[in-house]
Each structure stands twice: as structure tokens, then as C-alpha cells.
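Undergrad:
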Amino acid sequence: MTALATDRLTQLKSTCVKAYPVKASVTIYAGAMVMLDTNGYALPAANTASCICVGIARAKVVGGTSSGDTWVLVDAPILALLAASSITQAMVGRAMYVVDDQTVDDVAGNVFAGILMEYVSTTSGWVLVSAHYNPPLTDVTSSAAE
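Start counting the sequence shown at 1059; every next residue gets the next number (our numbering).
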């Protein structure tokens, strides 16, 4: 294999849509980051240990009386404009973590949200939301020192 010397038509795929069973008695709003709890049920993303952010909800869903009574459709991976606690241009390419179902921050939390792809302002940015990469805290520590 050699590096490109001319243009290449690279095949791309758009986001995948996945369905997840919703935890009982929770409301997930359209556009919210969604996470799975340790039992595999979807709920609004929060800074909760042992949970995994899986994407962005397509529509509002209200959980039934039992977990799994309803399902939520989630887009992931997806580039989403999210609120931020306090970010900078220097953080582009860095890991972002869930603060709540619409907010991310660069400070290592319990739930990886995605990678900051584009800085908009100190309070918003485009994040590639994906559950496929969950860096250990050592990655965050070493990248912050660069």
C-alpha cells in the first residue's frame, strides 16, 4: 500500500439507526443523548458510572410501567451540535464526557460522549457521538498534557 497521489472516491456510510428498550417511567426527549444502564435499558444520558452513551434520540419516548415496554430510536455515530460546560478551540479532537442529556465537557466523567469535532463557542460544539470508543482515563491525562 502507498499513500494517495491523486483523488480517491472513498465510500462512506451515514449514521446507523438502532432501537433500544427504554427503562420504565423515564422520558427521553428528541435530540437528547441516550445512554444504556447496566441492564441494557435506555435512559437520558447523565454522568452515571457504568453507563454507555449510545447516540442521539430521534423522537420523544416515554417509558412504560415496565422496562422494555417501549423502545427509542437512536442515531449513532452522529455529529451533533451539543451544549458544553466550557470548551475551547484547543479541545478539538479531544474526548468529551456527558454532563447531562444535552451537555458535554472535556473533564473526564463517568460516561464518554464522543469527540469534539468542531468548536462553535465556549458553550457549544459539534461532537461525534459514538459508543464505540471509550478511552481510559490515562488517555485523557496524557492528551491534556500535550
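For glycine and all other residues, C-beta sits at the position ideal for the given N, C-alpha and C.
Computed from a predicted model, the values in this text were never measured in an experiment.
I'd like the list of long-range same chain contacts for PRO1079, defined as Cβ closer than 6 Å, with 5 residues on each side in sequence excluded.
TA: For PRO1079, where only same-chain residues beyond five positions count, the Cβ hits under 6 Å are TYR1099, GLY1126, TRP1129.
Undergrad: Pair every Cβ in the region 1101-1117 with every Cβ in the region 1167-1175, then say whether three or more of these pairs are closer than 8 Å.
TA: Judged by Cβ distances under 8 Å, the region 1101-1117 makes contact with the region 1167-1175, as three or more pairs qualify.
Undergrad: Thinking C-alpha only, which one of ASP1159, ILE1110, LEU1139 is nearest GLU1176?
TA: The shortest Cα separation from GLU1176 among ASP1159, ILE1110, LEU1139 belongs to LEU1139.
Undergrad: Report back the beta-carbon spacing between ALA1141 and CYS1074 to the nearest angstrom; my notes put them in contact at under 8 Å.
TA: Incorrect: roughly 24 Å between the Cβ atoms, too far for contact.
Undergrad: Kindly provide the ranges of any beta strand (DSSP E) runs that are 3 or more residues long and lie completely inside the region 1114-1182, ordered along the chain.
TA: Here the runs fully enclosed are 1129-1134, 1136-1142, 1153-1158, 1161-1163, 1170-1179.
Undergrad: Indicate the three-state DSSP secondary structure (helix, strand or coil) for TYR1078 in the structure shown.
TA: Three-state DSSP puts TYR1078 in a strand.
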